[in-house]
Structures are given as C-alpha cells and as structure tokens.
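Down below is the structure, laid out as structure tokens.
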Amino acid sequence: MDWTEQQIEQLRALWAEGLSTAEIGRRMGISKNAVVGKAHRLNLPSRPSPIRRSAKPASPRPATVPRAVSAAVAAAAVVTPLTPRPSAPPPPPRPAPRLGNTACCWPIGEPGKTGFRFCDAPALYGKPYCAEHAAQAYVRAKADRQGQESAA
Ligand SMILES: [Zn+2]
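As structure tokens, this is what we get:
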C-alpha cells in the first residue's frame with residue numbers, strides 16, 4: 041500500500057503507545073501485515089509484545105488455566121481458611137488485658153509517713169480501685185456532694 045506522511049505519523053504514534061500491530065491496523069483501517077512491514081521499514085523500536093506482557097506468571101489468566109487445576113485451586117481457596125494448620129498452635133492463654141491501673145491505688149496511711157502504701161489489691165476492670173475501695177470512693181463522693189448541697 042502507499043503510505044502518506046499522515047499515515048506514517050499515525051503509525052509511529054500508535055506504535056509508541058504500545059498498541060498491538062493488529063490493533064494499530066484496525067485503527068488505521070489497514071492489515072496487520074501492512075503495519076508490521078511498515079514498522080520494520082521505518083526501523084521502529086521493537087517492544088514487548090502485548091501477549092507476553094499479559095502472560096506474566098504473577099497474573100495468570102483464568103482462561104489459560106486447565107479446568108482441573110482451576111477447580112483444585114478454587115477448592116483449596118475455600119478449604120484452606122477453615123482447616124487449622126498444625127504448624128500454628130494457638131497462642132498460650134494470657135491474662136485478660138486491663139484498662140488503666142492493674143492494682144488498686146487507694147492510699148493507706150498518711151502520705152510521706154512510715155507505713156504509707158497503696159492498697160495494691162487487683163483493681164476492678166477499668167477502675168483505679170479494688171471493689172472495696174471503689175465502693176468507699178463512691179460513698180465518699182456521694183457524701184461530698186451531700187455536704188456541698190447542705191452547705192449551700
Ligand atoms: Zn483497694
């Protein structure tokens with residue numbers, strides 16, 4: 041066929057986009073062989089064929105996988121998460137994580153004097169005090185409120 045300058049430029053542009061020779065031919069309304077032959081004469085740089093690019097091992101196309109293999113893969117994909125792996129034993133039991141303090145911080149005695157200490161009994165979940173001192177703290181807060189109300 042006779043190539044016009046315009047067609048050659050179009051071929052160069054489409055070639056640079058990495059389109060397949062068949063696609064270039066389709067867009068230009070010419071045969072794939074004409075595209076290949078002209079590209080060869082123009083010394084256009086060779087490029088990875090689109091077929092080889094899409095056939096990377098990392099992304100096999102399902103259509104190319106034999107039926108039996110794809111069925112096995114599908115079955116394995118379904119079964120695997122449900123099957124406990126013997127090589128991964130369950131983690132050893134650990135104490136339940138607590139929020140905040142793990143020991144009662146209720147002060148016992150006079151701060152700064154001998155014998156002063158904190159209660160140190162296991163604190164209630166999410167509270168700074170053990171059950172006994174949490175109850176005392178509640179009573180004390182209630183008494184403070186009542187004292188303020190009667191004083192007002
Ligand atoms: Zn306590």
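What the sequence shown shows, in the working numbering, is residues 41 to 192, in sequence order.
Ideal Cβ placement from N, Cα and C applies to all residues, glycine included.
It should be emphasised that the depicted structure is a prediction, and the values quoted were computed from it without experimental measurement.
- If you draw a straight line from the Cα of A171 to the Cα of K182, it is about 17 Å long.
- The DSSP-derived three-state label of I70 is coil.
- As DSSP reads the structure, A143 sits in a beta bridge with P162.
- Between ligand 1 and the CB of Y169, the shortest heavy atom gap is smaller than 7 Å.
- Listed in chain order, the non-local C-beta contacts of T61 below 8 Å within the same chain comprise K72, V75, V76, A79, local neighbours out to five positions each way being set aside.
- Counted as a single uninterrupted DSSP element, the alpha helix (DSSP H) harbouring W55 occupies residues 45–56.
- Distance check between M68 and each of W146, P168, N83, L51 places L51 closest, using alpha-carbon atoms only.
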